[in-house]
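Chemist: Chains as they are written, first to last, in the numbering used here: chain U, 3 to 299; chain C, 19 to 356; chain F, 99 to 432.
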Amino acid sequence: MPPSIRASRSVRGVSGAVGRWLRDEPFAAVGVAIYALIVAMAVLATRIAPYDPREILRTGRRVARYLPMSPEHWLGTTASGRDVLSQLIYGARSALEVGLTAALAVVIIGTVLGLLSGYLGGWTDRVITRLADIVLSLPFLPTLIVLAALTHAGTRVVVVSVAILLWPNTARVIRSQVLSLRERAWVEAARVTGCSTARIMFVHVLPQVLPLAALYGSVAIGWAILAEAAASFLGFGDPEAVSWGVMLQDAYANQALGRGAWNWFAPPGMAIVAMVLAGFFISRGSEKLLFPKLADQ
Amino acid sequence: MGGVSGPRLTPPLSAQAGRGLGERPVIAARALTKTFRAHGRAIHAVRGVDLAVAAGEAVGIVGESGCGKTTTARMLLRLEEPTSGAITFEGADITHLRGGALRRFRSRAQLVFQNPFDALNPRFTILRTLKEPLRNFGIPAHEHAARIDEAMQRVRLAPASAWLNRRPHELSGGQLQRVVLARALIPHPRLIVADEPVSMLDVSVRAGILNLLRDARDALGLSAIYISHDLALIRYVCERTLVMYLGRVVEEGRTTDIIADPRHPYTRALIAAVPVPRVDQDRAPLPIRGALSDAPPTDTGCAFRDRCPEAFARCMTEAPLLRTIGNGRAVACHRGDA
Amino acid sequence: MTLLAVRDLVVTYRTGAGPMRAVDGAMLDVPAGTIVGLVGESGCGKSTLGRALMGVLPSAGQIASGSIAFEGRELTALPERERRALRWRRMSFVPQTAMNALDPVQRLRAQMLEVLRARGGLHGAAARARAEELFRMVGIDPARLADYPHQFSGGMRQRASIALALALDPVLVIADEPVTALDVIVQRQVLDLLRGLQARLGLAIILVTHDIAVVAYACDRVAVMYAGRVVESGPAREVLERPLHPYTMGLTHAFPDVHGGDEALVPIEGAPPSLLHPPPGCRFAPRCPFAVDRCRAEAPALAPRGVDHDVACWRAEDAVALRQRAAEPATWAA
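(1) In this structure, does DSSP put Q34/C in helix, strand or coil?
(2) Rounding to the nearest angstrom, what Cα-Cα distance links E98/C and L50/C in this structure?
(3) Residues of chain U with CB under 8 Å from N183/C, in chain order?
(4) Considering only residues of the same chain and omitting the five flanking positions on each side of F191/F, which have a CB-CB separation below 6 Å?
(5) Listing by chain order, which chain U residues have their CB less than 9 Å from the CB of E3/C?
(6) When you compare the CB of H343/F with every CB in chain C, is at least one pair closer than 7 Å?
(7) What are the boundary residues of the beta strand (DSSP E) that includes T113/C?
(8) Taking the alpha-carbon of E172/F as reference, which of P377/F, L374/F, L102/F has the nearest alpha-carbon?
(9) Using only CA atoms, which one of S222/C, I227/C, Y284/C lies nearest to L349/F?
(10) Please confirm if D12/C has its CB atom under 7 Å from at least one CB of chain F.
(11) In terms of residue numbering, what span does the alpha helix (DSSP H) encompassing Q251/U cover?
(12) Keeping to the same chain, check which residues put their C-beta closer than 8 Å to that of G114/F; ignore five residues upstream and five downstream.
(13) I need the DSSP call for T278/F, collapsed to helix, strand or coil.
(14) For P205/C versus P151/C, is the C-beta spacing smaller than 7 Å?
(15) Counting C-beta neighbours from all protein chains within 10 Å, is the total for M118/F 16 or more, i.e. buried, or is it exposed?
(16) P209/U CB to nearest chain C CB: under 7 Å?
(17) Let me check understanding here. Comparing Cα to Cα, which of A302/C, R353/C, T342/C, R347/C lies closest to C326/C?
(18) According to DSSP, simplified to helix, strand and coil, what is D220/C?
(19) Taking C-beta to C-beta, are F233/F and A199/F nearer than 7 Å?
(20) By DSSP, does F107/C sit in helix, in strand, or in coil?
(21) Sort out for me which residues DSSP pairs V320/F with in a bridge.
(22) Using 7 Å as the threshold, is the C-beta distance between V137/F and V313/F below it?
(23) Any beta carbon of chain F sitting closer than 7 Å to that of V292/C?
(24) Output the distance between the C-alpha atoms of D85/U and D54/U, rounded to the nearest integer angstrom.
(25) Quick one: what does DSSP say G101/U is sitting in, helix, strand or coil?
(26) Cutting at 8 Å between CB atoms, please list the residues of its own chain near L420/F, excluding the five before and the five after it.
(27) Does DSSP put R59/C in a helix, in a strand, or in coil?
(28) Tell me the DSSP secondary structure of P327/C in three-state form.
(29) Specify the secondary structure class of D416/F as computed by DSSP and reduced to three states.
(30) Under 7 Å between C-beta atoms, does L39/C make it to chain F?
(31) Contact defined as beta carbons within less than 8 Å: I believe P354/F pairs with A350/C. What is the distance between those atoms, to the nearest angstrom?
(32) Which value, in whole angstroms, describes the spacing of the CA atoms of L206/F and H248/F?
(33) Just to check my reading of the structure: A334/F and V320/F have Cβ atoms closer than 8 Å, yes? What is that Cβ distance to the nearest angstrom?
(34) Using a Cβ cut-off of 7 Å (strictly closer), state whether T195/U contacts chain C.
(35) Should P151/C be flagged as near chain U, meaning a C-beta pair shorter than 7 Å?
(36) Using beta-carbon positions only, say whether H129/C and L182/C come within less than 7 Å of one another.
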């Protein structure tokens, strides 16, 4: 490719690249839209939720249980007379909280271990890769349940478990990326100009792999929410929390399915599925953005 | 921007200092050896190379790909661990330096890279790239601006302010190589190693970079080691030359002497093969047989024997040693020995 | 006899920033049985021109206008099917990296036989004999037809890739930087091979290169390209010894000569222009020490000056004087 084209391409900048990416990759656009919607729900929960999600509503003196969809309760009410829509909206908060902290943990652990493993090589690499292999061989849900059962119930356990179980995926891709970056002349130039190993890894190499790490983080968000839902559903979650998983568990315990109360259990289920899908859509659509050379060939 | 240097008819006298005049060399290596292991096989990249570079001297290492010239240079810069042998820099053993001592050595010995398009961190501005050595080598912050100005002036990217906020992709190959050179000069090194410094550049800008390297060396009294497969380039920038073949130095001496009167059959073939930009030239077949990969990794006998048009019985059984033949020259060949 | 005549050829590439004229009005004559060097720096359009002649442009590229006459036929008007019939049989291609011509997972014999069968209709013993003959012709032991490409050295791969190109006895071979990736000794051997084949087979060869020295060693004629145009052409001796274009003059002083004197090399300052927005007038004018107002306003066309020597320069009449000034480093110092 002639140099003039190469130059003009990179001049256009990151925001332009992201814009074109969303236009060219409808999957990714859908994923980003779902995340945006959920973030909006979480941020604006106090303003848009019609009721307090924990408030037990009454009609007259009776608890307003099992109300169907209506203009007052768009998604009806639960067995204990709580507004489903409000729970769904507030649920976005805990979903994001769990998702983001877990994703952050996954990204940090995975990136640091991937960097160390790829750049240092030798026994560091062998130890980390072996550890990753072991963790990857653990079945996700059973391990989560064991961890949750061993410790105390609560969302923190979920976050920690997700971080422990998902870092190897991130570490693996970061490692392979670092292995190829390590051979670049500018990394050698950093050595020649006196950079310490830590400085080469964290100042020179790390910024190059961060986009990739962020991508794996976006997948981890989905997994974390799924894990939280599963743990809550199985009764290892925090029963006091307002979350989609707890909503499902509540619905299940009250035989919502048998009662045909779709309005109760379908929305949180769909929200979970949508959020997990969003992560996968984004990762699927990002290959071109992250590996433009791959797409060019 | 000039990039022009005047004719230099006589190389600096220091050219003779590398051997035997008693002056301490800037960098010296003894019996430098590197063996790579791959798939259970040992690859002898460098086999016992001796060399010394005097203050202000430029030494070329010439040979075909796979001859070990790049590995030798990388060992000298401590970018590759020698399998055996010793390296001294300004009289001190640096073979196994680590940590702060290694960093101090790095500030004195710098590298100019082959591919300028890959030698600069693509995310860093030129300013940030040039600040890395200043910061890492502990140069006080108040000197940074002056050092950067000085280096950019030296590589004729002036005024510096016009370039410092750009990123590598905004520069042409020649401009990038100037920045690479500026980065190498910024810590005020005593030794510059340049590995094929112009082979990735457009032909019309190569001469400019070579002249910059020559001028910088003359002005700063630097020692230099040039690695190249191109003897014409080596002749332009180096007073003394080492010819390497399969990991060994086979001939050594003043560049002009070697070119005028090559003593090793391999050097003769190498010189005959160098492309000459003139229509009238010798087109006789090269005095060499086969190709590099056909040569066996022999441990007895001369490594060049199978390609040598002059090989005789002794070459099959006994490896020739590099021996001095006077006038600062050395050759590893049994011919002329008898 | 002119085998190939290119007139005003324009090749454009679609890019994100609009169409780019990689070749912009190129003129080239290749007489039968001669080696023509197509010399220029990266991005000057020499490789694109070579590919356009072969009809193997990348998908973003197309011939926008101009003509390519080959053995009296107009190639730009030819349907792709007939074009394909010419490839390999009448004209063939040797890429820079031999690995691009060779299939890494097939023995060389299978690759040779495939070409001889599919393109040349040669079968059985005749095809095998031809494959062995081709290997001998390029100086490789025919026994090594049983090898895979990775078992060959770089030079041998390039020889094998030349053998493949010669399989069907073409009259023209376009070699794109065939020796650039090779070490000097191997480079010289491959150039000797090409010269030998030219003499023995009466082959015409277009040798695309950035190296004036390769042209000086191996070529009968030369066309110098700059920023998409041929700026000077003629017999190699004439062009290299008495260059008429300032760019050619600059190039002849920019290369070190292993047997030369002690004179300093003279760089050409600046860089070639962007082909997306080329300067008006002569494209070399921004770097030319001899440019006058006319050069910056009006593009000179390639025109004959002297016997069999063409140049595109407004100041060609002063060439003798300019040549002397071009030898002075001070002339080129901006």
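Glycine included, every Cβ here is placed at the ideal spot set by N, Cα and C. Everything numeric in this text was worked out from a predicted model, so none of it was measured.
Modeler: For this structure:
(1) The predicted model places Q34/C with a pLDDT of 41, which falls under 50 and marks its position as unreliable; any figure quoted below should be read in that light. Assigned with DSSP and collapsed to three states, Q34/C falls in helix.
(2) 11 Å
(3) In chain order: nothing, as chain U lies at least about 14 Å away.
(4) M152, I272
(5) Residue numbering for chain C in the displayed model covers 19 to 356; residue 3/C lies beyond these limits and cannot be assessed.
(6) no
(7) From DSSP, T113/C is part of no beta strand (DSSP E); its letter is neither H nor E.
(8) L102/F
(9) S222/C
(10) This structure gives no information on residue 12/C, because the portion of chain C shown stretches from 19 to 356.
(11) 246-255
(12) none
(13) coil
(14) yes
(15) buried
(16) yes
(17) R353/C
(18) coil
(19) no
(20) strand
(21) G135/F, G332/F
(22) yes
(23) yes
(24) 8 Å
(25) helix
(26) Closer than 8 Å at the Cβ level, and outside the excluded window around L420/F, lie P344, M347, F388, R413.
(27) strand
(28) coil
(29) When secondary structure is reduced to three states using DSSP, D416/F falls in the helix class.
(30) Confidence at L39/C is low in this model, with a pLDDT of 46, below 50, so the placement of that residue should be treated as unreliable; the coordinate-derived value is given next. So no, L39/C is outside the interface.
(31) Actually they are not in contact, since the Cβ atoms of P354/F and A350/C sit about 27 Å apart, beyond 8 Å.
(32) For L206/F and H248/F, the distance between alpha carbons rounds to 10 Å.
(33) Sure, about 5 Å apart at Cβ, within 8 Å.
(34) Yes, T195/U counts as interfacial toward chain C.
(35) Among the CB atoms of chain U, one or more fall inside 7 Å of the CB of P151/C.
(36) Correcting the residue identity first, residue 129/C is Leu in this sequence and not His. Not closer than 7 Å, so no.
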